[in-house]
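Student: Residue numbering for the sequence shown follows full-length UniProt numbering, beginning at 1 and increasing consecutively. Provided herewith is a single structure, encoded as structure tokens, for subsequent inquiry.
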Amino acid sequence: MNIMSGQCVFGQKKHLFFLPLSEKKKKNGPKSLRDLRAERQAQAERSVLVSCHPKTHENKFLKYLSRHGNVNKCFFYESFGTYAVVEFSNQDGVQSLLESAAMPSVSHESVVPLRSRLLSLRNVNTVDTDKQSAPSANHRELCPSTTHSLTDENTRLRFLVCSLLNDIAAAYFPQSSIKPFGSSVNGFGKLGCDLDMILDLDGTICVRPQPRSGMYMEYLVKRTSSERAVTQSVLSVIAGCLDQFGPGCVGVQKILNARCPLVRFAHQPSGFQCDLTASNRVAMRSTELLYLFGELDARVRPLVFTVRCWARAHGVTSPIPGAWITNFSLTIMVLFFLQRRNPPILPTLDRLKELAEPSEKCVLDGNDCTFTSDFHRISLETNTETLDQLLGDFFEFYSTFIFNRMSINLGRYGKEHKPELHPLYIQNPFETSLNISKNVNSSQLERFVTLCQESAWLLQSGSHLNTLLLPSHISVVRGRKKRKSQPASERIKGLLESLRIKNNVSFGFTVFFKNHCNKSL
Ligand code: GTP
Ligand code: MG
């Protein structure tokens, strides 16, 4: 097997033009998120993560691995060291490799004897001993740039990290499973986004006594006052376990009093910032909804992705919690905008509910989360607007949106009246009494609106997208003093002049969309 025979070449420039997975998908129609997850999870379960010497010779390495089983896929990446993700064609390969692995013995330290699929290869026979040879060209940075969408490799690694963590959680809860949600799987993720995971205990909870067997598992089972208290104690134990025994898990923090209790930590070998929750079924369902919207029209993901990059470049969103608009809120804002095109590019959530089969009825924690996931049942009128038009109109739409009276609500048309006083009201799609943006204060909203106005103006004036993504070009709105000293029209005029001089080559937005959006799920 050639190490680069997988689906995606990544690297700063090469991966920009390589979209084989989405091409393949088109032939057979979109896959449900459930099927995609199952496929990715199965791949992860027959995979290992190996820390290697930077000069590991790929062919020798593969030869070594093939003694244990057929290798389906293998790729290297750099993240504070060189790692290889190796997927065998079945789990026997993993078992054989693990059986051949020894526990390290060091004289001055003791190690926790934990068997893990995170291995370290110290075999000199697989290392390129030629001192002159540069590290292999196939060893890539897994996150070449955070303005790119997730690659196939990055997605594989996300599922593998979940699977490795699940091995640890399964010591307590053998029927549990750790699943990714949020932007790692909804199709809107950027390289470098966090890894949101849920510890799904449904496999354990759903165990019912056999009819008439009379046998219950509850005998002397510990009880707590609420489901929230159960979640907190489960997460607390898992956090302790990750902290003490989890290979590569560092900086473990228990954030158990949050509305949604979670454990936050960094997984060093992958470089992912991880958030682990439990009993967060509604968020899983939101992920499915966002995934569905992303699949319904080819313009949705590029548009969301571009708006997210734009927002990040101008500090509208931030990785630090605060009064900013979150990526989740921003995504809902784009979807809402697309529902309001004429003809609509996306259906309302209520329409998706009406189209659901009785078998698709879904009530989670008392919330109606029903919608159809059957793409064949959803039909939409043809809308031929280009991405360029849509981006300009998105900025225009929110430049003039009446935020003080209207809410943003994916449910249905004509129900946008704002029920409370927060500056920005974005209704949670399923927990409909909740505002997902109640953290946003009026000055952040004002900044967002001003940036939308200026961006709409710049686009109308013929500037190209790349300039909108450079913070320096619109950063004038950041400094309040500058704003006061110069009227907006003057600022923009000056700005345009400078852009004309600096950017005499014009790129279409479509090129940007194509280059940065590499769908990988
Ligand atoms: P990035 O991580 O910023 O790329 O986007 P994300 O969509 O993954 O957002 P985040 O990590 O903040 O949250 C993960 C998931 O949790 C989201 O996709 C939502 O499903 C859910 N979520 C996030 N924020 C909220 C919120 O305020 N309310 C509710 N109910 N769910 C949320
Ligand atoms: Mg996230």
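Note that beta-carbon positions come from the ideal geometry of N, C-alpha and C, so glycine has one too. None of these values were measured; they are calculated from a predicted model.
#1: Buried or exposed: which applies to residue 428, given that a residue is buried once 16 or more other Cβ atoms fall within 10 Å of its Cβ?
#2: Closer than 7 Å by C-beta to residue 241: which residues in its own chain qualify, once you throw out the five before and the five after it? Chain order, please.
#3: Go ahead and pull the three-state DSSP assignment for residue 162.
#4: Using the beta carbon as the reference atom, which residues fall closer than 5 Å to any heavy atom of ligand 1, ordered along the chain?
#5: Return yes when the Cβ of residue 288 is within less than 8 Å of the Cβ of residue 543, no when it is not.
#6: Taking contact to mean at least 3 C-beta pairs separated by less than 8 Å, is the stretch 445-459 in contact with the stretch 311-323?
#7: Using DSSP's beta-bridge definition, name the partner residues of residue 435.
#8: So what's residue 177 in DSSP terms, helix, strand or just coil?
#9: If we count the other Cβ atoms within 10 Å of its Cβ and call it buried at 16 or more, is residue 524 buried or exposed?
#10: Report the partner residues of residue 83 according to the DSSP bridge assignment.
#11: Could you check which residue in 237, 65, 40 and 464 has the C-alpha nearest to that of residue 170?
#12: Tell me the DSSP secondary structure of residue 260 in three-state form.
#13: Please state the DSSP three-state secondary structure of residue 182.
#14: Exposed or buried, residue 454, counting other C-beta atoms within 10 Å across all chains shown (16 or more means buried)?
#15: Should residue 244 be labelled buried (16 or more other beta-carbon atoms within 10 Å of its own) or exposed?
#16: According to DSSP, which residues form a beta bridge with residue 190?
#17: Once DSSP output is grouped into helix, strand and coil, what is the label at residue 361?
#18: Helix, strand or coil for residue 327? Go by DSSP, reduced to three states.
#19: Under 8 Å, Cβ to Cβ, is there at least one residue of chain D near residue 193?
#20: Report buried or exposed for residue 282, applying the criterion of at least 16 other Cβ atoms within 10 angstroms of its Cβ.
#21: Could you spell out the range, first to last residue, of the alpha helix (DSSP H) harbouring residue 378?
#22: Of the residues 274, 118 and 266, which one's Cα is nearest the Cα of residue 178?
#23: Could you check the C-alpha separation between residue 134 and residue 326 for me, to the nearest Å?
#24: For my contact list, residue 88 and residue 46 are in at a C-beta cut-off of 8 Å; report their separation, rounded to the angstrom.
#25: With residue 273 as the anchor, note down where its beta strand (DSSP E) starts and where it stops.
#26: Applying the 10 Å Cβ sphere with the 16-neighbour rule, what's the burial state of residue 83?
#27: Do residue 369 and residue 272 have their CB atoms nearer than 8 Å?
#28: In whole angstroms, what is the alpha-carbon distance linking residue 57 and residue 98?
#29: Please confirm whether residue 420 and residue 435 have their CB atoms less than 8 Å apart.
#30: Can you give the beta carbon distance from residue 390 to residue 371, rounded, assuming they're within the 8 Å contact cut?
#31: Residue 221 and residue 195 look like a contact to me (Cβ under 8 Å); what is the Cβ gap, rounded to whole Å?
#32: On the criterion of 16 or more Cβ atoms from any shown chain inside 10 Å, does residue 479 qualify as buried, or is it exposed?
#33: Shortest alpha-carbon distance to residue 246 belongs to which of 180, 259, 233 and 268?
Tutor: With the structure as the only source:
#1: Within the sequence shown, numbered from 1, the residue matching residue 428 stands at position 428. It counts as buried.
#2: As a working note, residue 241 is residue 241 in the sequence shown. 168.
#3: The count along the sequence shown starts at 1 and reaches residue 162 at position 162. Residue 162 falls in the helix class under three-state DSSP.
#4: 182, 183, 193, 194, 196, 283, 286, 327, 328, 428 and 436
#5: In this structure the chain extends from 1 to 521, so residue 543 is not present and cannot be described.
#6: yes
#7: As a first step, residue 435 is located in the sequence shown; it is residue number 435 there, counting from the start. Paired residue(s): 427.
#8: To locate residue 177, count along the sequence shown from 1; it is residue 177. The answer is strand: DSSP assigns residue 177 an E or B state.
#9: Nothing about residue 524 can be read from this structure; the chain reaches only from 1 to 521.
#10: Here residue 83 refers to the residue found at position 83 when the sequence shown is read from its first residue. Looking at the DSSP assignment, residue 83 forms a beta bridge with 51 and 77.
#11: For the purposes of this step, residue 170 is taken as the residue at position 170 of the sequence shown. Among 237, 65, 40 and 464, the Cα nearest to that of residue 170 is on 237.
#12: The residue given as residue 260 occupies position 260 in the sequence shown. Here residue 260 sits in coil by DSSP.
#13: The count along the sequence shown starts at 1 and reaches residue 182 at position 182. It is helical.
#14: Within the sequence shown, numbered from 1, the residue matching residue 454 stands at position 454. Label assigned to residue 454: buried.
#15: In the sequence shown, residue 244 corresponds to position 244, counting from 1. It is exposed - the Cβ of residue 244 has fewer than 16 other Cβ atoms within 10 Å.
#16: As a working mapping, residue 190 is identified with position 190 in the sequence shown. According to DSSP, residue 190 bridges with 149.
#17: Locating residue 361 in the sequence shown gives position 361, counting from the first residue. It is coil, neither helix nor strand.
#18: Start at 1 with the first residue of the sequence shown, and residue 327 comes out as number 327. If DSSP states are grouped into helix, strand and coil, residue 327 belongs with the helices.
#19: Protein chain content of the structure displayed is limited to a single chain, and chain D is not contained in it.
#20: To locate residue 282, count along the sequence shown from 1; it is residue 282. Counting Cβ neighbours within 10 Å, residue 282 comes out buried, since at least 16 surround it.
#21: On the sequence shown, residue 378 is found 378 positions in, with the first residue counted as 1. Secondary structure note for residue 378: it is in no alpha helix (DSSP H), with a DSSP letter that is neither H nor E.
#22: As a position in the sequence shown, residue 178 is number 178, starting the count at 1. Nearest of 274, 118 and 266 to residue 178, Cα basis: 274.
#23: Counting from one through the sequence shown, the residue named residue 134 turns up at place 134. Counting from one through the sequence shown, the residue named residue 326 turns up at place 326. Its pLDDT being 44, under 50, residue 134 is placed unreliably in this model, and the coordinates cannot settle the point.
#24: Working through the sequence shown from its first residue, we reach residue 88 at position 88. Working through the sequence shown from its first residue, we reach residue 46 at position 46. 5 Å between Cβ atoms; contact.
#25: Translated into positions along the sequence shown, residue 273 becomes position 273. Segment 272-278, the beta strand (DSSP E) holding residue 273.
#26: For the purposes of this step, residue 83 is identified with residue 83 of the sequence shown, where counting begins at 1. Residue 83 should be labelled buried.
#27: Within the sequence shown, numbered from 1, the residue matching residue 369 stands at position 369. Within the sequence shown, numbered from 1, the residue matching residue 272 stands at position 272. No, they are not a contact pair.
#28: For the purposes of this step, residue 57 is identified with residue 57 of the sequence shown, where counting begins at 1. For the purposes of this step, residue 98 is identified with residue 98 of the sequence shown, where counting begins at 1. Cα to Cα, the separation comes out at about 21 Å.
#29: Within the sequence shown, residue 420 is the residue found at index 420, counting from 1. Within the sequence shown, residue 435 is the residue found at index 435, counting from 1. In this structure, residue 435 lies closer than 8 Å to residue 420 by Cβ.
#30: The residue labelled residue 390 in the question sits at position 390 within the sequence shown. The residue labelled residue 371 in the question sits at position 371 within the sequence shown. Not confirmed; about 23 Å, so no contact.
#31: In the sequence shown, the residue the question calls residue 221 occupies position 221. In the sequence shown, the residue the question calls residue 195 occupies position 195. About 31 Å; that fails the 8 Å criterion.
#32: Looking up residue 479 in the sequence shown gives position 479. The predicted position of residue 479 is uncertain, since its pLDDT is 43 and thus under 50; a value taken from the coordinates is nonetheless stated next. With fewer than 16 other CB atoms across the displayed protein chains lying within 10 angstroms of its CB, residue 479 is exposed.
#33: As a first step, residue 246 is located in the sequence shown; it is residue number 246 there, counting from the start. Residue 246 has its Cα closest to that of 268, out of 180, 259, 233 and 268.
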